[in-house]
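Asker: So that we are looking at the same thing, I have put the structure below in structure tokens.
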Amino acid sequence: MTRRSGPPLHVAQLTLPDRMGGYAKGDRTRRVILQAAHDLLLEHGYAALTLRGVATACNLRMGNLTYHFPSRESLVSALFDAIIRGYEDAFAEIMADQKLPPVARLMDVCQLIMDDIGTRRTTRLFPELWALSNHDPFVADRMYEMYDRARAAIVSAVRCAYPAAHERSVDLTSIFITSAMEGMSIFAGYGKPYQDDRAEIAEIALDAFLHASQAHADEWPAG
């Protein structure tokens, strides 16, 4: 199968909208705030992600920070949005490559995610959100919003690869692929027992995803 050539794609840590409104200086300040919030979450966990803690980390007065983000919830929502935009941009670049067949684009989206699982940031960040989502409904809602947006690329890739597949088949296949890849971070993520075997595990996973997509496309035709 023809796959994407060239250097591997990387997911940006934070991707903000082109302009978040207001003046460019305000956009720069918001970026500094969100980067500080990201780093606190990554290094110290969600409990450290307070407005005062973020203000201290980026050397801002509380009033300056709350001008941009009046509450912890507004800050967390903007942070999660900036995180997932990086994935959406990388997925969009893959899906826009019309020289590749649809199945290859599906495999490349999956490969990007599995490569990203090997980074320290992803191995630490997302399991933190999983644990918190069991106890904090706000975090749970934001987490599922993020996963719905990320999974949209897999849904699109499966649908392009198998246009005759039933919508339910496409949706469930994308759920299987997403959950299987996320589970890899526990065993083969950064610093985990099977991190050195991640490339081989990824190849097994890609074969399984391809088989699952093909099998369900045939089993549940559109109609």
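Take -6 as the starting number for the sequence shown in my numbering and just add one per residue.
Beta carbons: idealized from backbone N, C-alpha and C, even for Gly.
Mark D134 as exposed unless 16 or more other C-beta atoms lie within 10 angstroms of its C-beta, in which case mark it buried.
Answerer: Counting Cβ neighbours within 10 Å, D134 comes out exposed, since fewer than 16 surround it.
Asker: Using only CA atoms, which one of S70, A29 and Y39 lies nearest to L53?
Answerer: Among S70, A29 and Y39, the Cα nearest to that of L53 is on A29.
Asker: Helix, strand or coil for A158, going by three-state DSSP, please let me know.
Answerer: Of the three classes helix, strand and coil, the one that applies to A158 here is strand, per DSSP.
Asker: Return the CA-CA distance between L199 and M100, expressed in angstroms with no decimal places.
Answerer: The straight-line gap from Cα to Cα measures roughly 7 angstroms.
Asker: Could you name the residues of the same chain whose beta carbon sits closer than 8 angstroms to that of A173, not counting the 5 residues immediately before and after it, in chain order?
Answerer: Hits under 8 angstroms: A198, A201 and F202.
Asker: Taking Cβ positions, are T171 and Y140 nearer each other than 8 angstroms?
Answerer: Closer than 8 angstroms, so yes.
Asker: With D109 as the anchor, note down where its alpha helix (DSSP H) starts and where it stops.
Answerer: It spans P95 to I110 - the alpha helix (DSSP H) in which D109 sits, taken as one unbroken run.
Asker: Rounded to a whole number of angstroms, what is the C-alpha to C-alpha distance between L44 and C153?
Answerer: Answer to the nearest angstrom: the Cα atoms are 43 angstroms apart.
Asker: Quick check: the region 174 to 191 against the region 96 to 116, are at least 3 beta-carbon pairs closer than 8 angstroms?
Answerer: Contact between the region 96 to 116 and the region 174 to 191 is present, because at least three Cβ pairs lie under 8 angstroms.
Asker: Can you list, in chain order, the residues of its chain with a C-beta nearer than 7 angstroms to that of A33? Leave out the 5 residues immediately preceding and following it.
Answerer: Here residue 33 is Leu; the residue named in the question, Ala, does not match the sequence. Excluding residues within five positions, the ones whose Cβ falls inside 7 angstroms are A41, L42, G46, V47 and A50.
Asker: Given a threshold of 16 other Cβ atoms within 10 Å of its Cβ, counted over all protein chains shown, does D190 qualify as buried or as exposed?
Answerer: It is exposed - the Cβ of D190 has fewer than 16 other Cβ atoms within 10 Å.
Asker: Do you know whose CA, among V4, P95, N127 and F131, lies nearest P156's CA?
Answerer: Nearest C-alpha to P156: P95.
Asker: Spatial neighbours of R142 within its chain, please: C-beta separation below 7 angstroms, excluding the five flanking residues on both sides.
Answerer: Result list for R142: I77 and E81, in chain order.
Asker: Whole angstroms is fine: what's the gap from A97's alpha carbon to L105's?
Answerer: Cα-Cα distance, rounded: 12 angstroms.
Asker: Under a three-way DSSP split, which group does A29 fall into?
Answerer: Helix, per DSSP.
Asker: Please report the straight-line C-alpha distance between S178 and I110, rounded to a whole angstrom.
Answerer: Using only the alpha carbons, I get a separation of about 6 angstroms.
Asker: What is the C-beta distance between E121 and G38, in whole angstroms, given that I count them as a contact (C-beta under 8 angstroms)?
Answerer: Going by Cβ atoms, the distance from E121 to G38 rounds to 6 angstroms, so yes, they are a contact pair.
Asker: Assuming V102 and A145 form a contact by the criterion Cβ under 8 angstroms, report the distance between their Cβ atoms to the nearest whole angstrom.
Answerer: About 11 angstroms separates the two Cβ atoms, so there is no contact after all.
Asker: May I have the straight-line CA-CA distance separating A75 from A208, to the nearest angstrom?
Answerer: The alpha-carbon atoms of A75 and A208 are separated by roughly 35 angstroms.
Asker: Assign S67 to one of two classes, buried (16 or more other C-beta atoms within 10 Å of its C-beta) or exposed (fewer than that).
Answerer: S67 comes out exposed.
Asker: So, helix, strand or coil for T43, using DSSP?
Answerer: Three-state result, T43: coil.
Asker: If distances are taken between C-alpha atoms only, which option among L165, H204, E160 and D108 comes closest to I194?
Answerer: That would be D108, whose Cα lies nearest to the Cα of I194.
Asker: With a threshold of 6 angstroms on Cβ separation, who are the neighbours of F84 within its own chain once the five nearest residues in sequence on each side are excluded?
Answerer: Closer than 6 angstroms at Cβ, skipping near neighbours: V102 and A146.
Asker: Using alpha carbons as the reference points, say which of N127, A5, H61 and I87 lies closest to K18.
Answerer: With distances taken between Cα atoms, K18 lies closest to H61.
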